[in-house]
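Asker:
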Amino acid sequence: MTHPGQTILALYAGEDLGWFRRLRTERHLASCSACRAEVATFSAAREELAGMSDLPAIPWSRLAAEMKANIRLGLAAGECVRPPQSLAAFAWLSGGRGFAAFASVAALLVAGLYLQRPAPPPAPLAARQDAVLRATANGIELNQGGQTLSLLHVRAGDVTYSAGAQGSIRARYVDSDTGNVTINNVYVQ
Amino acid sequence: MEAVISALMNDAVDPGLDLLERQNRFVSEHLRRIFVQIYRIVGNVADAQDLTQEALIKALQRQEQLKDERKAAHWLSRIATNTAIDFLRRSGRVAYCELEAAPESHDESPEEILLRSEQHDYLEDGLRLLTARERAALMMRDVEGLPAEEVALRLGCSKATVRSHIANARIKFRRYIEKRKA
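As given, the protein sequences belong to chains A and B, one line each in that order. The opening position of the first sequence corresponds to residue 3 in our numbering, with each subsequent residue numbered one higher. The opening position of the second sequence corresponds to residue 783 in our numbering, with each subsequent residue numbered one higher.
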């Protein structure tokens with residue numbers, strides 16, 4: 003014989019089973035004294051628990067008055083700490099006003115982004131029209147906008163210059179102290 | 783009751799009635815029911831008093847959450863149940879203390895009060911073995927006699943879950959009684 007589990011018997015004792023499961027359990031209980039005893043203990047426990055339904059003898063009027071006063075106090079305290087502006091304060095933004103406000107904010111954002119856009123980088127120095135590259139007695143010299151940059155050839159006895167078709171000057175010389183050959187190429191871009 | 787909550791939800795329903803007056807009426811109508819409901823879950827008057835206040839303040843502060851007036855009673859009961867269950871979880875157990883007001887009762891002799899107190903302690907010890915939700919489900923079903931559907935609504939769970947809580951609670955409580963009597 004298969005006995006119902008404790009869960010089934012506990013639910014049966016409180017009439018908490020569905021009709022089909024209850025029917026099956028009743029059929030089993032009719033022929034099983036052990037399970038009937040189990041159900042009886044569950045029922046006895048429920049009856050003991052029913053004693054908890056008695057409310058304590060309390061002075062209800064005094065208790066109720068205290069609670070009401072405390073509730074009022076709690077609500078008042080809640081009002082004090084509530085944020086000053088509730089969402090209801092923005093109710094006037096509904097409909098066309100809301101759209102107009104949204105459009106204004108969007109326009110403001112676009113204008114701000116346009117004004118704050120990064121400035122274009124300055125044109126490369128060598129790309130300007132007035133840049134002049136030339137060979138001098140001391141080295142290679144670049145003149146631009148009234149400013150001059152010189153690449154001096156120190157300790158150079160005999161310097162050979164050659165100009166490139168794409169805007170470059172090449173200087174080749176032998177160092178008088180070390181005998182090393184130095185080649186400088188300066189490009190204008 | 784539903785009319786009161788409805789009025790609280792919308793000032794336009796009863797423009798002549800002051801908000802404070804409506805809140806007072808709402809509290810008066812529900813106070814005892816909510817107190818009893820919470821008392822049966824937490825098992826002592828002092829905590830039930832605090833939690834009843836807490837539940838009603840929460841309800842009055844969140845009245846805009848109530849969309850369906852017909853569910854007002856369940857809504858308030860659920861707030862009360864959750865408040866009591868949260869308390870049980872926070873505190874770990876129910877700290878039962880005998881009613882300080884009990885001696886004021888003139889209907890019972892000191893012996894009867896003592897006997898009732900001992901019986902209450904005995905049952906409370908058994909209920910402490912249950913989880914907060916098991917205890918709440920058991921009290922609502924076996925003490926208040928609410929149907930499982932109502933318990934499910936108050937606990938905010940399915941009927942099957944309520945059955946599981948109730949079965950577990952009855953098994954634990956029965957074992958406790960058998961052990962004490964052995």
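Think of the CB as a built atom: it goes at the ideal place given N, C-alpha and C, for glycine as much as any other residue. None of the values given here were measured: they were computed from a predicted structure.
Residues of chain B with a CB under 7 Å from the CB of phenylalanine 44(A): which are they?
Answerer: On the first sequence, position 42 is the one that residue 44(A) refers to. Within 7 Å Cβ-Cβ: Arg952 and Arg956.
Asker: Between the beta-carbon of alanine 914(B) and the beta-carbon of arginine 871(B), is there less than 7 Å?
Answerer: Taking the second sequence and counting its residues from 1, the one referred to as residue 914(B) is at position 132. Taking the second sequence and counting its residues from 1, the one referred to as residue 871(B) is at position 89. Contact: yes.
Asker: Using the Cα positions of arginine 956(B) and phenylalanine 44(A), report the straight-line distance between them to the nearest angstrom.
Answerer: Taking the first residue of the second sequence as position 1, residue 956(B) is located at position 174. Taking the first residue of the first sequence as position 1, residue 44(A) is located at position 42. Straight-line Cα distance between these residues: approximately 6 Å.
Asker: Looking at the unbroken beta strand (DSSP E) that takes in glutamine 146(A), where does it start and where does it end?
Answerer: The count along the first sequence starts at 1 and reaches residue 146(A) at position 144. Residues 141-146.
Asker: I need the straight-line Cα distance from leucine 57(A) to tryptophan 21(A), nearest angstrom please.
Answerer: Within the first sequence, numbered from 1, the residue matching residue 57(A) stands at position 55. Within the first sequence, numbered from 1, the residue matching residue 21(A) stands at position 19. Taking the straight line joining both Cα atoms gives about 34 Å.
Asker: For the region 29-61 of chain A, which residues have a CB atom closer than 8 Å to at least one CB atom of chain B, in sequence order?
Answerer: Answer in chain order: Thr43, Phe44, Ala46, Ala47, Arg48, Glu50, Leu51, Ala52, Gly53, Met54, Ser55, Asp56, Leu57, Pro58, Ala59, Ile60 and Pro61.
Asker: Examine chain B for any beta-carbon lying closer than 7 Å to the beta-carbon of glycine 7(A), and answer yes or no.
Answerer: The sequence position of residue 7(A) within the first sequence is 5, counting from 1. With 7 Å as the cut-off, glycine 7(A) does not count as an interface residue toward chain B.
Asker: If we define contact as Cβ-Cβ less than 7 Å, is glycine 20(A) a contact residue for chain B?
Answerer: Along the first sequence, read from residue 1 onward, the residue named residue 20(A) stands at position 18. It does not; no Cβ of chain B falls within 7 Å.
Asker: Would you say leucine 77(A) reaches chain B, if we count a Cβ-Cβ gap shorter than 7 Å as a contact?
Answerer: The residue labelled residue 77(A) in the question sits at position 75 within the first sequence. Interface residue, yes.
Asker: Would you say alanine 12(A) faces chain B, with C-beta separation under 7 Å as the test?
Answerer: Stepping through the first sequence from its first residue, residue 12(A) is reached at position 10. So yes, alanine 12(A) belongs to the interface.
Asker: Below 8 Å on the Cβ atoms is my guess for glutamate 40(A) versus leucine 11(A); work out the distance and round it to an integer in Å.
Answerer: Your numbering for residue 40(A) matches position 38 in the first sequence. Your numbering for residue 11(A) matches position 9 in the first sequence. At roughly 5 Å, the Cβ-Cβ gap stays under 8 Å, so glutamate 40(A) and leucine 11(A) are in contact.
Asker: According to the neighbour-count rule (16 or more other Cβ atoms, all chains shown, within 10 Å of its Cβ), is lysine 963(B) buried or exposed?
Answerer: By one-based count along the second sequence, residue 963(B) stands at place 181. Per the 10 Å Cβ criterion, exposed.
Asker: Among the residues of its own chain, which have a CB less than 7 Å from the CB of proline 885(B), if the five just before and after it don't count?
Answerer: As a working note, residue 885(B) is residue 103 in the second sequence. Interpretation of proline 885(B) is limited by its pLDDT of 38, a score under 50 that renders its predicted location unreliable; no figure is taken from the coordinates.
Asker: Output yes or no for whether 7 Å exceeds the beta carbon distance between alanine 47(A) and isoleucine 959(B).
Answerer: Indexing the first sequence from 1 puts residue 47(A) at position 45. Indexing the second sequence from 1 puts residue 959(B) at position 177. Going by C-beta atoms, alanine 47(A) is nearer than 7 Å to isoleucine 959(B).
Asker: Can you tell me which of the three DSSP states valine 176(A) falls into?
Answerer: The count along the first sequence starts at 1 and reaches residue 176(A) at position 174. Residue state, collapsed to three classes: strand.
Asker: If you follow the beta strand (DSSP E) that valine 190(A) is in, where does it begin and where does it stop?
Answerer: Here residue 190(A) refers to the residue found at position 188 when the first sequence is read from its first residue. From DSSP, valine 190(A) is part of no beta strand (DSSP E); its letter is neither H nor E.
Asker: Quick one, are the C-beta atoms of valine 925(B) and methionine 3(A) less than 7 Å apart?
Answerer: Within the second sequence, residue 925(B) is the residue found at index 143, counting from 1. Within the first sequence, residue 3(A) is the residue found at index 1, counting from 1. No, the pair does not count as a contact, with Cβ atoms beyond the cut-off.
Asker: Return the first residue and the last residue of the beta strand (DSSP E) that valine 134(A) is part of.
Answerer: Position 132 of the first sequence, counting from 1, holds the residue named residue 134(A). Here the beta strand (DSSP E) through valine 134(A) covers 134-137.
Asker: Return the residue from the list Ile823(B), Leu842(B) and Phe817(B) that minimises the CA-CA distance to isoleucine 60(A).
Answerer: Within the first sequence, numbered from 1, the residue matching residue 60(A) stands at position 58. Considering only alpha carbons, the answer is Phe817(B).
Asker: Does alanine 949(B) have its Cβ less than 7 Å from a Cβ in chain A?
Answerer: Start at 1 with the first residue of the second sequence, and residue 949(B) comes out as number 167. With 7 Å as the cut-off, alanine 949(B) counts as an interface residue toward chain A.
Asker: Kindly indicate the opening and closing residues of the alpha helix (DSSP H) around threonine 4(A).
Answerer: To locate residue 4(A), count along the first sequence from 1; it is residue 2. Element bounds for threonine 4(A): n/a, residue is neither H nor E.
Asker: Using a beta-carbon distance below 7 Å, is methionine 69(A) in contact with chain B?
Answerer: The residue labelled residue 69(A) in the question sits at position 67 within the first sequence. Yes, its Cβ sits closer than 7 Å to a Cβ of chain B.
Asker: Can you check whether the CB of alanine 866(B) is closer than 7 Å to the CB of valine 824(B)?
Answerer: To locate residue 824(B), count along the second sequence from 1; it is residue 42. To locate residue 866(B), count along the second sequence from 1; it is residue 84. Result yes, Cβ atoms of valine 824(B) and alanine 866(B) sit closer than 7 Å.
Asker: Span of the beta strand (DSSP E) holding glycine 158(A)?
Answerer: Mapped onto the first sequence, residue 158(A) falls at position 156. Per the sequence shown, residue 158(A) should be read as alanine rather than glycine. That residue, alanine 158(A), is in no beta strand (DSSP E); it is neither H nor E in DSSP.
Asker: Provide the residue span of the alpha helix (DSSP H) that contains alanine 972(B), from first to last.
Answerer: Residue 972(B) is absent from the model: chain B starts at 783 and stops at 964.
Asker: According to the neighbour-count rule (16 or more other Cβ atoms, all chains shown, within 10 Å of its Cβ), is asparagine 187(A) buried or exposed?
Answerer: Stepping through the first sequence from its first residue, residue 187(A) is reached at position 185. By the 10 Å Cβ count, asparagine 187(A) comes out exposed.
Asker: Quick check: the Cα distance between arginine 23(A) and lysine 961(B), rounded to an integer number of angstroms?
Answerer: Taking the first residue of the first sequence as 1, we reach residue 23(A) at position 21. Taking the first residue of the second sequence as 1, we reach residue 961(B) at position 179. Cα-Cα distance, rounded: 29 Å.
Asker: Whole angstroms are fine: how far does the CA of alanine 919(B) sit from the CA of alanine 883(B)?
Answerer: Translated into the one-based positions of the second sequence, residue 883(B) becomes position 101. Translated into the one-based positions of the second sequence, residue 919(B) becomes position 137. Note on alanine 883(B): pLDDT 39, under 50, position unreliable in the model; no value is reported.
Asker: Alanine 113(A) CB to nearest chain B CB: under 7 Å?
Answerer: The residue you call residue 113(A) lines up with position 111 of the first sequence. By this cut-off, alanine 113(A) is not an interface position.
Asker: Is asparagine 950(B) buried or exposed, if buried means 16 or more other CB atoms sit within 10 Å of its CB?
Answerer: Along the second sequence, one-based indexing puts residue 950(B) at 168. Under this definition asparagine 950(B) is a buried residue.
Asker: Closer than 7 Å, CB to CB, is threonine 4(A) near chain B or not?
Answerer: Residue numbering aside, residue 4(A) sits at position 2 when the first sequence is read from its first letter. Not closer than 7 Å to any Cβ of chain B, the Cβ of threonine 4(A) fails to qualify, so no.
Asker: Is leucine 135(A) closer than 7 Å to isoleucine 171(A) when the C-beta atoms are compared?
Answerer: Taking the first residue of the first sequence as 1, we reach residue 171(A) at position 169. Taking the first residue of the first sequence as 1, we reach residue 135(A) at position 133. Contact flag set, yes.
Asker: DSSP three-state label for threonine 150(A), please.
Answerer: The sequence position of residue 150(A) within the first sequence is 148, counting from 1. It is a strand residue.
Asker: Report yes or no: is there a C-beta of chain A within less than 7 Å of the C-beta of valine 827(B)?
Answerer: Taking the first residue of the second sequence as 1, we reach residue 827(B) at position 45. By this cut-off, valine 827(B) is an interface position.
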